[in-house]
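Student: Got a structure here, written out as structure tokens. Questions coming.
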Amino acid sequence: MLRIMAKVDDAILIHVEPDDTNAEILASGKGRVCNFCLNKPPKYTCPRCNQVYCSSDCYKSKKHLSCSESFYKDCFMECLADCRAAPGDKEKIMEMLNRVNEETAVDFDDNTEIEDLEERIQDLDLDKDADKIWDILTEKEKQEFTSMVREGCLGGLVEVWIPWWESKKNLIVEEGKPNKEEATHPEIKGGIPALSELLPKSKPSSDIKYNVINLLYGYAFICRLHNGEHCETAVESCQELLDLSAALGPGQACASTGEAIQMCLDTLFQKQDYDRDNVSELSISVIKDVIAIIQYKTLDNPLCGLMAALTEVLHIIQNAKKSMSKDCMHTKNQASKSPKSRCDFEGDIKALKRKCFQAEKKVEFFLSWTQMFGLCLDGLVLELELQHSARHSENESVNQTKNNLEKTWGGKVKPKEKVLIEEIS
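With my numbering applied, the sequence shown closes on residue 922, and no number is skipped along the way.
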């Protein structure tokens, strides 16, 4: 899967992950150090060998070569798989591989005969023979492809996902004809209890609407971040949602629209997983997504967008819990893991599952609240528009100042000041 707008360290703009992403990448690594640099605390766990590591540099180190090579092979296979539905994109792959061949052919000995890449793969089916295509590539070509993955050069081959809330709906129906509007939004949960059943003796806080805004922002962001594959990576999406949306945490409450958005932005810019420059524009545009979700309505359900988004959040959390339970069972059955390693991992999973349980109950409450009071969010659209406009202008001003400084400095780093007067002894 190709993940849009993510960046690990300073190497990958479009992060590529293997399909078997699981809960082990969420291990916090308390009290441990990276198995490769033996210096920093680990942030991730390799799903193949269960080694913990702190950064992409350590992941790509010689000590981890067998796994990292397999990872980049998976990148190649998934890149081909992503292009199966678009013949034009297959041509792009051919052009890219041909360019790899042309750029690397000069490095080989003159006596070495290299077949033209197109001739080598012309009899292969790009849809069925992905493994064979990888095997046909020379070592130089594989290295070049790996480099392209690191530098984010494959972005042009990925079809950017169009969110369901941006789909066009037929709001005009001819008299006498049934409305055959095709549903593009996620299925809405049925059997949602009335709010009076959850709060029989009290009234909900008037600030809940801001918490819903906070959660909608987190949901829209991870949808964009995963390029629409947020449900396929439920564990990681759930962890990111828990980190990003304070509304899912214990005792957290937003008191205004601006605070609901700012709390998410503060979390984003504090995370080292994202590059501030690259995520800045996306984080601001997501405010527009929140507005679109609020305004997504059907003829028979004016709360359609809100209920669909909250339902999908609920499904992500529930699927993450199921996946983590499977990973726990898999870890228990792994004889290669030390008892301490298994204990640490199971402890991390149990802690995350507790957070998921609390978040699940909160989302269920938000669904009941939205079912009754969701229309009041229409009154926050203007505030969200103002938030977007203000932050967009601020971001443009910052970028302009940055560009002016870089132009003055002649680069991204300020040059060292020259000594104008030096005392001669």
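C-beta atoms are modelled at their ideal positions from N, C-alpha and C, and glycine is treated no differently.
Check whether the Cβ atoms of Pro544 and Cys531 lie closer than 8 angstroms to each other.
Tutor: No.
Student: Determine whether the beta carbon atoms of Thr795 and Glu880 lie at a separation below 8 angstroms.
Tutor: Against a cut-off of 8 angstroms, the Cβ pair of Glu880 and Thr795 comes out as no contact.
Student: For Leu634, count neighbouring C-beta atoms within 10 Å of its own C-beta (all shown protein chains included) and say buried if the count is 16 or more, exposed if not.
Tutor: Buried, by the Cβ-count rule.
Student: Skipping 5 residues on each side, what residues in its chain have a beta carbon closer than 7 angstroms to that of Gly871?
Tutor: If we look at Gly871 and ignore the five residues flanking it on each side, its Cβ neighbours are Leu800, Leu803.
Student: Please say whether Ala757 and Tyr716 have beta carbons closer to each other than 8 angstroms?
Tutor: The answer is no: Cβ separation not under 8 angstroms.
Student: Give me, in chain order, the residues of the same chain whose beta-carbon lies closer than 8 angstroms to that of Leu695; leave out the 5 immediate sequence neighbours on both sides.
Tutor: Cβ neighbours of Leu695 beyond the five flanking positions: Phe862, Ser865.
Student: Less than 8 angstroms between the CB atoms is what I'm expecting for Lys818 and Cys873, so what's the real figure, rounded?
Tutor: Actually they are not in contact, since the Cβ atoms of Lys818 and Cys873 sit about 31 angstroms apart, beyond 8 angstroms.
Student: So what's Thr730 in DSSP terms, helix, strand or just coil?
Tutor: Here Thr730 sits in coil by DSSP.
Student: Would you kindly check if the distance between the Cβ of Lys686 and the Cβ of Thr808 is under 8 angstroms?
Tutor: Result yes, Cβ atoms of Thr808 and Lys686 sit closer than 8 angstroms.
Student: Under 8 angstroms between the Cβ atoms of Lys850 and Met821?
Tutor: Yes.
Student: Decide yes or no for the touch test of the stretch 876 to 892 against the stretch 778 to 790: beta carbon pairs closer than 8 angstroms, at least 3 of them.
Tutor: Yes, since at least three Cβ pairs between the stretch 876 to 892 and the stretch 778 to 790 fall closer than 8 angstroms, the two stretches touch.
Student: Considering just the uninterrupted stretch of the alpha helix (DSSP H) at Gln767, what are its terminal residues?
Tutor: Unbroken alpha helix (DSSP H) run through Gln767: 754 to 767.
Student: Count the other CB atoms, across all protein chains shown, that sit within 10 Å of the CB of Asp740; report buried if there are 16 or more and exposed otherwise.
Tutor: Buried.
Student: Going by Cα to Cα distance, which pick from Asp704, Ile710, Glu566 is closest to Thr643?
Tutor: Comparing Cα positions, the closest option is Glu566.
Student: Taking the C-alpha atoms as reference points, what is the distance between Ile719 and His682?
Tutor: So the two alpha carbons sit approximately 16 angstroms from each other.
Student: Name the two residues that bound the continuous alpha helix (DSSP H) containing Glu914.
Tutor: Glu914 -> no alpha helix (DSSP H), and no H or E assigned at all.
Student: Do you know offhand how far Val732's Cα is from Pro912's?
Tutor: Rounded to whole angstroms, Val732 to Pro912 spans 44 angstroms at the Cα level.
Student: Got a sec? Which residues, its chain only, sit under 8 angstroms from Asn892 by beta carbon, not counting five neighbours each side?
Tutor: Hits under 8 angstroms: Ser777, Glu778, Ile781.
Student: Span of the alpha helix (DSSP H) holding Trp906?
Tutor: Here the alpha helix (DSSP H) through Trp906 covers 878 to 906.
Student: Among Lys706, Ile689, Leu811, Lys823, which one has its Cα closest to the Cα of Glu727?
Tutor: It is His, not Glu, that sits at residue 727 in the sequence shown. Taking only the C-alpha atoms, the option nearest His727 is Leu811.
Student: Please name the residue in Ser563, Val895, Cys735 whose C-alpha comes closest to that of Cys546.
Tutor: Looking at the Cα atoms, Ser563 is the closest of the given residues.
Student: Quick check: what's the CA-CA separation for Gly748 versus Ile710?
Tutor: If you take the alpha carbons of Gly748 and Ile710, they lie about 16 angstroms apart.
Student: According to the Cβ coordinates, are Ile814 and Ala856 closer than 8 angstroms?
Tutor: Yes, they are a contact pair.
Student: Quick check on the burial criterion: 16 or more other C-beta atoms within 10 angstroms. Buried or exposed for Ser742?
Tutor: Counting Cβ neighbours within 10 Å, Ser742 comes out buried, since at least 16 surround it.
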